[in-house]
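Residue numbers (this note's numbering): 689 to 1016.
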């Protein structure tokens, strides 16, 4: 059980970067961007191809980020310059990326098991410094029997993910970031102030898909392969992470909301892992579980708020009735 939960948190932290990208398009720009399903694979494909061709792992990760930015920018151009419906522009780009990703990889799958990746390098460094042994001893002293092979991926990805979170928080408080937030709230208003909403929207979608592709590149190096179909349902996973996190943590400030997205991604992976380990569910039920999680995250807060509002109204009526009786 410990290993399963550990692996769930590991992958959840990586998916949190993807969820932050979905948050930028879905919440900040109010743009239903389905490009995510394709750009995630684009990042994985570019990262894997560059590693196979002998490029440094860091360069491969940056290549994934740039490829995702270009894909998101194309979606933005379709919407702003081509006047294509936002939903349709995302679908068109997602469809095009399927063939583009196949062209990039040259095949449906690129294995990285015999290649040196970012995470194998981290494991080597942690082993040489004795960090893995230190954590093994600590967990063994607590009575944990099955120990992970390395702690490098979780620790470093926590640092990377929170660094991206803080950069995102800062970006959304800059002049450009505030303009992007204004576009999502009221595009006509921000346009009346002579702001170039088309350029801002293209930039926002580029950054959003850049983060998604970055997560895809990291995930390919983490799992040891890039697959043409690994991006199916990523938009749903991202939305689930955003909605679950907002329900649990809240959205009072930008910093709190981005933290909620990260927490939501980790919670999502933990719940999926627990569900799959149950006796009556298997791997094929993950989409159903995801849909149920989103429904619960959307419905339960509204039911709770409605109940609280009903209780408040009932108490007010009771107080008014008591005051009327006393006056009589």
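For glycine and all other residues, C-beta sits at the position ideal for the given N, C-alpha and C.
For clarity, every value in this text was computed on a predicted model and none was experimentally measured.
Note: residue 799 is bridge-paired with 913 in the DSSP secondary-structure output. A distance of 7 Å or more separates the beta carbons of residue 763 and residue 751. Counting every other CB atom within 10 Å of its CB across the protein chains shown gives residue 1007 a total below 16, marking it as exposed. Pairing residue 997 with residue 1011, the inter-Cα distance amounts to about 21 Å. Using a Cβ distance threshold of 7 Å, residue 811 and residue 838 count as a contacting pair.
Annotation: residue 881 to residue 873 spans about 14 Å, alpha carbon to alpha carbon. Sequence-distant partners of residue 699 (beyond 5 residues in either direction) whose C-beta falls short of 7 Å from its own C-beta, in its chain, are 957. A Cβ-Cβ separation of about 15 Å leaves residue 905 out of contact with residue 704 under the 8 Å criterion. Collapsing the DSSP output to three states places residue 718 in coil.
Close CB contacts of residue 867 within its chain, under the 7 Å cut and outside five residues either way in sequence, are with 878, 883 and 888 (chain order). Nearest to residue 728 by alpha-carbon distance, out of 806, 908, 830 and 819, is 908. For residue 931, the three-state secondary structure derived from DSSP is helix.
Taking the C-beta atoms as reference points, residue 726 is found no nearer than 7 Å to residue 793. In the DSSP assignment, residue 752 falls within the unbroken alpha helix (DSSP H) covering 745 to 768.
The straight-line gap separating the alpha-carbon atoms of residue 942 and residue 861 is approximately 9 Å. Rounded to the nearest whole angstrom, the CA to CA distance from residue 960 to residue 742 is 35 Å. Taken atom to atom, the span from the alpha-carbon of residue 826 to that of residue 893 is near 44 Å.
For residue 835, the closest alpha carbon among the candidates 806, 937, 692 and 780 is that of 692. Comparing alpha-carbon positions, the option among 914, 979 and 865 lying closest to residue 926 turns out to be 979.
The Cβ atoms of residue 897 and residue 723 sit closer than 7 Å to each other. Around the beta carbon of residue 854, fewer than 16 other beta carbons sit within 10 angstroms, so the residue counts as exposed. About 6 Å separates the Cβ atoms of residue 856 and residue 708, confirming a contact at the 8 Å cut-off.
Contact between residue 797 and residue 915 is confirmed by a C-beta separation of about 5 Å, below the 8 Å threshold. Here residue 859 carries a helix assignment [DSSP, helix/strand/coil]. Straight through space, the alpha carbons of residue 984 and residue 992 are spaced by roughly 12 Å. Under the three-state reduction of DSSP, residue 940 is assigned to coil, being neither helix nor strand.
Taking every protein chain shown into account, the CB of residue 711 has 16 or more other CB atoms within 10 angstroms, so this residue is buried.
Around the beta carbon of residue 774, a 10 Å sphere encloses 16 or more other beta carbons of the protein chains shown; the residue is thus reported as buried. Under the DSSP assignment, residue 786 falls in the alpha helix (DSSP H) whose first and last residues are 774 to 793. In this structure residue 994 is exposed. Its beta-carbon is surrounded by fewer than 16 other beta-carbon atoms within 10 angstroms. At the C-beta level, residue 929 and residue 903 stay beyond 7 Å of one another.
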